[in-house]
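Under full-length UniProt numbering, the first residue of the sequence shown carries the number 1, and numbering increases by one thereafter.
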Amino acid sequence: MHGLNELGFKALRLFVAVLDHGSFSEVARREGVAPSSISRQIQLMEQALNQQLLYRHTRAVTPTEAGRMLGHHARLVLVQLEEAEQALQEQQSEPTGLVRINAPVVFGERHLTPWLGRLCERYPKLQLDIQQTDHYIDPLQEGADLLFRIGPLHDSSMQARILAPHRFQVAASPAYLMRFGTPQHPDDLARHQCLAYKGATGQQRWFFRQDQGEWTPYSVKGPITGNHADTLTQAAVQGLGLVMFPSWLIGEAVREGTLVPVLGGYQVSNSVEPQQISVLWPGSRRLSVKVRTVIDFFMECFGEVPYWDRP
Numbered sequence: 001m002h003g004l005n006e007l008g009f010k011a012l013r014l015f016v017a018v019l020d021h022g023s024f025s026e027v028a029r030r031e032g033v034a035p036s037s038i039s040r041q042i043q044l045m046e047q048a049l050n051q052q053l054l055y056r057h058t059r060a061v062t063p064t065e066a067g068r069m070l071g072h073h074a075r076l077v078l079v080q081l082e083e084a085e086q087a088l089q090e091q092q093s094e095p096t097g098l099v100r101i102n103a104p105v106v107f108g109e110r111h112l113t114p115w116l117g118r119l120c121e122r123y124p125k126l127q128l129d130i131q132q133t134d135h136y137i138d139p140l141q142e143g144a145d146l147l148f149r150i151g152p153l154h155d156s157s158m159q160a161r162i163l164a165p166h167r168f169q170v171a172a173s174p175a176y177l178m179r180f181g182t183p184q185h186p187d188d189l190a191r192h193q194c195l196a197y198k199g200a201t202g203q204q205r206w207f208f209r210q211d212q213g214e215w216t217p218y219s220v221k222g223p224i225t226g227n228h229a230d231t232l233t234q235a236a237v238q239g240l241g242l243v244m245f246p247s248w249l250i251g252e253a254v255r256e257g258t259l260v261p262v263l264g265g266y267q268v269s270n271s272v273e274p275q276q277i278s279v280l281w282p283g284s285r286r287l288s289v290k291v292r293t294v295i296d297f298f299m300e301c302f303g304e305v306p307y308w309d310r311p
């Protein structure tokens, strides 16, 4: 078809984005242009092909049969183009280009942000787009190259490298322990003030086990619950009770001595499922040099034994 020769890669990319989001305005927001500009681009495609590609509704747009067919082939073309770009990058001696990273909010603040200066200094031709959210995102739809995630690995459509174990500790301030004593067994928690995380699914239970035995859940209580870990950690530092949080979150307070770990003879968690700190990327994508460079950099920074777990 002669009209296909008039379609550029940018037009195909915008068309696929409209199919993914079902909206001119959402694509326009992401591109930083007016919705009319995206609509006009699609109209030019339809004129070039002499085919209607989209049904335009009040709240959304949906593809016609021709639009679905073009979308299928456009995705294949764009994947091949991306692979060609990655192959060219691999010939370069220095990682170059944009890496889009998604990470949990607090983990990103604590353990990604402090290393960004060194990363940019070492690889000055890299560009980073860092989005931080605690909600699940679809990396293909959101355009993320890397996702830092904490918890069980369930999504088989993603490839992953484990950065560190997700290890929990129970801790309290020296002043609290001096006043109320140090618990020796999880049953002792019933007589203690516990500061529990309470999110959208309710208050977390604390699970304990010894060696590789069965996990035993404990429901704890205390003067404060909340959905922000830093608030509860600061409350614990002030002597208001015990907290159960991952070592990457309270490790600094433990090293400084403002929190003291207790119940060290037990494994503790907020879930019976094995959890890790991992970096993930879409399984359908070839891992580019620039993305692999970022992964290797953070693995180097965290260390074989992550620095927040070292004495």
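C-beta atoms are modelled at their ideal positions from N, C-alpha and C, and glycine is treated no differently.
N-terminal and C-terminal residue of the alpha helix (DSSP H) that Gln51 is part of: Premise fails: Gln51 is in no alpha helix (DSSP H) and is neither H nor E.
- prompt: Got a sec? Which residues, its chain only, sit under 6 Å from Leu116 by beta carbon, not counting five neighbours each side?
  reply: none
message: Please return the same chain residues whose Cβ sits closer than 6 Å to the Cβ of Met1, not counting the five positions on each side in sequence.
response: In this predicted model, Met1 has a pLDDT of only 45, less than 50, meaning its place in the structure is not dependable enough to derive any value.
field: Three-state secondary structure (DSSP) of Thr133
entry: coil
- request: May I have the straight-line CA-CA distance separating Arg118 from Leu249, to the nearest angstrom?
  value: 22 Å
- request: For Arg68, count neighbouring C-beta atoms within 10 Å of its own C-beta (all shown protein chains included) and say buried if the count is 16 or more, exposed if not.
  value: exposed
message: Looking at the strands, I want to know which residues DSSP matches up with Lys198.
response: Gln203
query: Between which two residues does the beta strand (DSSP E) containing Leu146 stretch?
result: Leu146 to Gly151
task: Spatial neighbours of Phe302 within its chain, please: CB distance less than 7 Å, with the 5 preceding and 5 following residues excluded, ordered by chain position.
output: Leu163 and Ala164
field: Val291 versus Pro174 - alpha carbon distance
entry: 43 Å
Close Cβ partners of Leu78 (< 8 Å) along its chain, the five nearest in sequence each way excluded: Phe9, Leu12, Arg13 and Val16
message: Under 8 Å: do the region 126–143 and the region 213–221 share three or more Cβ pairs, one atom per stretch?
response: no
field: Same chain, Cβ closer than 6 Å to Trp308, five either side skipped, listed in chain order
entry: Ser247, Trp248 and Gly251
query: Where does the unbroken alpha helix (DSSP H) through Ile162 begin, and where does it stop?
result: Premise fails: Ile162 lies in the beta strand (DSSP E), Met158 to Pro165, not in any alpha helix (DSSP H).
message: According to DSSP, Ser269 sits in a beta bridge with which residue or residues?
response: Phe207
- prompt: Do you know how far the Cα of Ser25 is from the Cα of Gly71?
  reply: 19 Å
- prompt: Is it true that the region 277–289 meets the region 185–200, where meeting means three or more beta-carbon pairs spaced less than 8 Å apart?
  reply: no
field: Inter-residue spacing [alpha-carbon to alpha-carbon] between Pro42 and Leu112
entry: A small fix is needed here, since residue 42 is Ile in this sequence, not Pro. Each residue's alpha carbon lies about 39 Å from the other.
task: Evaluate Thr233 with the Cβ neighbour count: other Cβ atoms within 10 Å of its Cβ, from every protein chain shown; 16 or more gives buried, anything less gives exposed.
output: buried
message: Here's a check: name, in chain order, each residue in its chain whose Cβ is nearer than 6 Å to the Cβ of Gln169, leaving out the five neighbours to either side.
response: Ser247 and Pro261
Alpha carbon of Arg56 to alpha carbon of Leu81, nearest angstrom: 29 Å
- request: Please name the residue or residues paired with Met244 in a DSSP beta bridge.
  value: Val170
task: Report the partner residues of Trp281 according to the DSSP bridge assignment.
output: Gln159
query: For Arg149, does the count of other Cβ atoms within 10 angstroms reach 16, so buried, or fall short, so exposed?
result: buried
query: Using a Cβ-Cβ cut-off of 8 Å (strictly less than) and excluding sequence neighbours within five positions of Thr216, which residues of its own chain qualify?
result: Pro186, Phe207, Phe208 and Arg209
task: For Met178, count neighbouring C-beta atoms within 10 Å of its own C-beta (all shown protein chains included) and say buried if the count is 16 or more, exposed if not.
output: exposed
Spatially closest choice to Leu259 from Arg191, Val243 and Glu273, by CA coordinates: Val243
task: Going by CA-CA distance only, name the one from Val237, Leu240, Leu147 and Thr201 that's closest to Asn227.
output: Thr201
query: For Arg286, which of Leu49, Leu146 and Leu189 has the nearest alpha-carbon?
result: Leu146
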